[in-house]
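Right, one structure below, let's go through it.
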Amino acid sequence: MLQQEEVAKLIKRAQLGDEEAKTTLLTENSPLIKSIIRRFKGRGIEYDDLYQLGCIGFLKAIKNFSFDFEVKFSTYAVPMIMGEVKRYLRDDGYIKVSRSVKSDAAKINNYIEQYKQEHAEAPSVTEISERFGIDEHDVVFILDSAKMPVSIYENSDDEKSQQIIDRISSGDNENDNIDKILLRDLINGLPERDKKIIILRYFRGSTQCEVARVMGVSQVQVSRLENKILSMMKNEFSKGEQIS
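Going by the working numbering, the first residue of the sequence shown is number 30, and it counts up by one from there.
If you want it as structure tokens, here you go:
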């Protein structure tokens, strides 16, 4: 992982047109880009295309980033990368059926026909989901996508006449996903001691006394350090939200 000073130098060089600096930043931040685009898999876009969109968003983040923002570059880049993919889905308007979706649809349809012959009825979405290890949302998406390309901004046929995109649920809150990525980035950027305290307290459920024993300090010191770390993280997190 690049240190923040190295990142700053590379960004300045990249903003001046240094292609090698851009490549280095892209390579080092590839795991971040992949972690963001992963949530868009199963939407009918090939993974390589999603990655390219993520890279475009990342390069835009390099171009538009200002050190006056007073946030880490990766914190600024996250909503830019996600925004690029979302913009493509919105502006493109049509769900493209990828080869992988077509292949999955064929397998599922074969399974449905076989199931009908054995049980005299079609399997439920839940049964298909369990059989193929695919989320129920993705099962519906795959089967619908295999029928014909449709605009996700057309009105559906239900009584409320909602746009189709309004009926597609990601299964979680999109803002929560961004928040989780920003939070993970903040934690990863902490000094080792601070990171250990946060992980023990909020991911392992340890008490301050237990953390104190592990760290070899007093409970009072742990309390003071924890408050200081949380205050810093809250401040950095707020900056990231304002920029995004």
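Cβ coordinates follow ideal geometry from the N, Cα and C atoms, glycine included. Here the structure is a predicted model, which means the values were calculated and not measured.
In the same chain as M262, and ignoring 5 residues on each side of it, the C-beta atoms closer than 7 Å to its own belong to L215, in chain order.
No Cβ-Cβ contact shorter than 8 Å links D223 with G71. In the same chain as M109, and ignoring 5 residues on each side of it, the C-beta atoms closer than 6 Å to its own belong to G86, K89 and A90, in chain order. Of the residues assessed, Y231 falls on the exposed side of the cut-off, its CB having fewer than 16 other CB atoms within 10 angstroms. The three-state reading of DSSP puts F102 in helix, counting H, G and I together. Secondary structure of T56 (DSSP, three-state): helix. Rounded to the nearest angstrom, the Cβ distance from L79 to V114 is 6 Å, consistent with a contact under 8 Å. Distances from the CA of Q33 to each of V100, S59 and G83 were compared; the closest alpha carbon is that of V100. With respect to the 8 Å criterion, A134 and L82 are not classified as neighbours on the basis of their beta carbons.
Here the alpha carbons of L254 and Q248 stand approximately 10 Å from one another. Between the alpha carbons of E165 and E159 lies a distance of about 9 Å.
Under the DSSP assignment, A241 falls in the alpha helix (DSSP H) whose first and last residues are Q237 to M244. CA-to-CA, the gap between V36 and Y105 works out to about 13 Å. In the structure shown, R222 falls within a helical segment according to DSSP collapsed to helix, strand and coil.
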